[in-house]
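To keep things clear, I will list the structure first and then write my remarks on it.
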Amino acid sequence: GNSVTQMEGPVTLSEEAFLTINCTYTATGYPSLFWYVQYPGEGLQLLLKATKADDKGSNKGFEATYRKETTSFHLEKGSVQVSDSAVYFCASCTSGTYKYIFGTGTRLKVLA
Amino acid sequence: EAGVTQFPSHSVIEKGQTVTLRCDPISGHDNLYWYRRVMGKEIKFLLHFVKESKQDESGMPNNRFLAERTGGTYSTLKVQPAELEDSGVYFCASSQDLQGFGAFFGQGTRLTVV
């Protein structure tokens, strides 16, 4: 069945460090891929998305590229801030369906 | 514009009791979804409404869970009787169409069964 695997956390970084959170997927068909973020005390927010191979989603300095050949959608940010501390979820949704398949979430903690 | 709103934000109940979670979707969104995250694991799909109709409830864990969406507006998810393994965060989401723009999620209800 379809699945999403993302790196275990927690990830602890110093401010201005480079961030990578790995995400790989398995799917029948061609899914859309998403990164959602949950800040403390808040709901899940859509961070970025990509709907087809080689698309790059970007928002708030975060980027992820849909890599069909490696079935990956790694999240990157060049310089993290304390305010980026949150839980990040990678998710897929196959075309023609409505069910999101989520990864387990990766907690990011950024230290000043 | 108001987002997806869930009530309560936290609930602590004893095993065997009943709890009802509520979700108010974004106005005009026909599609409403319930998801659950248990014990820090992945967020899993529970069910999907289109207006007042259940389109897919394949993710509902058992018959102790009952979801309704009266008049196609807000939705409730009742757990009766609650068991310890029901503890987790219950998310509601809504969308205008099935995909393409990403569903909008609420802040979740953290349910703790003791």
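So the sequences go chain by chain: A and B. 1 is the number of the first residue of the first sequence in the working numbering; add one for each residue after it. 113 is the number of the first residue of the second sequence in the working numbering; add one for each residue after it. A virtual CB, placed ideally from N, CA and C, is assigned to each residue, including glycine.
- Secondary-structure assignment with DSSP links B:H122 through a beta bridge to B:R222.
- Classified as buried, A:Q38 has 16 or more neighbouring CB atoms from the shown chains inside 10 Å of its CB.
- Taking C-beta atoms under 8 Å as the contact rule, B:Q219 and A:G43 qualify, at a distance of about 4 Å.
- From the beta-carbon of B:K153, the residues of chain A found nearer than 9 Å are T104 and G105.
- Residue range V131 to D136 is occupied by the beta strand (DSSP E) that includes B:R134.
- Residues of the stretch 13-42 of chain A with a C-beta atom less than 9 Å from some C-beta of chain B are S32, F34, Y36, Q38, G41 and E42, listed in chain order.
- Uninterrupted beta strand (DSSP E) stretches at least 3 residues long and entirely within the stretch 24-52 of chain A occur at 31-38 and 44-50, given in chain order.
- Secondary structure note for A:N22: it is in no beta strand (DSSP E), with a DSSP letter that is neither H nor E.
- Taking B:V201 as the centre and dropping the five residues before and after it, the same chain places the C-beta of R149, G220 and R222 closer than 6 Å to its C-beta, in chain order.
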